[in-house]
Amino acid sequence: MTTTGDRTSTHDPVPATDVLIRRPLPPELLARGSDPFAPPPGLDALRAQGPVAGVRLRNGAHLWMVTGFAESKALLTDERFSADTHRHPNAMQLDPEQVVRHQAAVAAGTGGCPVTDVPPTGGRFIFMDPPEHTRLRRLLVGQFTVRRMRALEARVREIAVEHVEAMRAAGAPADLVTDFALPLPSLVICELLGVAPADRDGFQDRTAVLVNLDADEETRLRAYAEQDEFMRGLVADKRAHPADDLISGLVHGDADPALSDRELVDISSMLLGAGHETTANMLALGTFALLEHPDQLAALRAEPELIDTAVEELLRYLSVVHTGPVRVAVQDVELGGVTVRAGDTVMVSLPEVDRDPGRWPEPDRLDLRRTRNHHLAFGHGVHQCLGQQLARVELRIGLAELLARLPGLRLAVPPAEVGLRTEMVIYGVHSLPVAWD
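To convert, note that position 332 of the sequence shown is 366 in the working numbering; the numbers rise steadily by one, no gaps.
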């Protein structure tokens, strides 16, 4: 059992043999304080050092943490910083022995040289740079059509209503995570990719293992192998039996050269994971935040038309992607008053960036009427989230249906008993017991 601030987690700690590689960030940069919606106090302390500050990781490596909004935008649009983890492994990926070799290379001025000149293979496009990234992203953008998004919007509403009504029928209390927040985006992304209904529960179970930093290595490897096998079967099925879904569009589209099975499997797996994990946690954590800010909840109930600005403010205020994005400098760069050496790793701290006092007045206040709210919750630059508009639809409809159909929605446990996902890739809550009138 571990303690985070004044909250207790029943999740066992990561074995010492794994922790340096799988959880290299210092614990104080992840540990939340008494306010579950505020950035960790350790990140606030980093901000006091400047918009770019040095961090020593648990594997012995050095990392630059960016907490400034302007500096983050500059970083994410600067081609001198690489997202290519094949050519430029970042400090988070290294074991202690690799760290020693990497530090020697940086000191010698060779740290920014490619590990290999061989281009990355597969379809893990978020870990690629142009031109490999450009080729795959262009194909994917062509699949996120207006027609498809409009059709999915109707389906989002159907799924949201179905799950809220199931909660009402079963009666309070309910766990908003398992009964609503997880299944809604998971089912929507499965609709987008053409995953059969019978296969969706298994996908969700495997993904939960893959994003859990506390899962042991054997369990994670087994889940990865099972997910890979499932996705291979899905791609093969779409080759033989195309339908009106994204994977079929990629398989039978005009890609030149045609996408390989490996590329299709990787693309599909990444979209499946990204398409439900972040939105699910935003739905649950966003509801938690509204319940803990009754004045804002009352305003949204009284003025449902606030939902669009409310979603943007919750995205800014919560920033559930709490460990990234990460880039590696391929040459020396001046950023935020420091010199980032070629080979150095830089991480954007979205929880801090989206509360930069130089960007927003009263950034620590939840204000659902906040306008001109151009946050970085979906990233920035060429790697900005492809599915951001779909995520907004899911959040807008999901929250609206919850509030409209569950009058008197409230926590069914004291707030301090809500378990936080500080040990996960995406921040949120493990469960959210709720009741209603």
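We treat Cβ as the ideally placed atom computed from N, Cα and C, and that holds for glycine.
Counting only runs of 3+ residues, the beta strand (DSSP E) found wholly inside the segment 311-389 occupies 360-363, 367-369, 372-374, 379-382, in chain order.
Cβ contact annotation for S383 (same chain, cutoff 7 Å, sequence separation greater than five): L77, M99, V100, T101, in chain order.
In this model, S353 and I160 are separated by some 19 Å (Cα to Cα). Per DSSP, V468 lies in no alpha helix (DSSP H); the unbroken beta strand (DSSP E) holding it starts and ends at 467-469.
For the options G377, M381, L63, the alpha carbon positioned closest to that of A108 is the one of M381. Judged by pairs of C-beta atoms under 8 Å, the segment 307-323 does not touch the segment 178-193, as fewer than three such pairs exist. The continuous alpha helix (DSSP H) containing V427 extends over residues 422-439. Distance from the Cα of R121 is smallest, within the candidate group E113, P153, Q238, for P153. Secondary structure within the segment 95-170: the alpha helix (DSSP H) runs of 4 or more consecutive residues, fully enclosed, are 103-110, 130-141 (chain order). Counting of Cβ neighbours within 10 angstroms places L454 among the buried residues, the total reaching 16 or more. Listed as beta-bridge partners of R444 by DSSP are A469. Take the alpha-carbon of I223 and the one of E187: they are about 12 Å apart. Boundaries for V416: no beta strand (DSSP E) harbours it, and the DSSP string shows neither H nor E there. Taking C-beta atoms under 8 Å as the contact rule, A95 and V133 qualify, at a distance of about 4 Å.
The C-beta of L334 has 16 or more other C-beta atoms within 10 Å across all chains shown, which makes the residue buried.
In the DSSP assignment, R90 falls outside any alpha helix (DSSP H) and lies within the beta strand (DSSP E) extending over 86-90.
A residue is called buried when at least 16 other Cβ atoms come within 10 angstroms of its Cβ; Q330 meets this threshold and is buried. With the rule of 3 Cβ pairs closer than 8 Å, the segment 203-221 does not count as touching the segment 284-296. If you draw a straight line from the Cα of A79 to the Cα of M458, it is about 22 Å long.
Annotated three-state conformation of D213 is helix, per DSSP.
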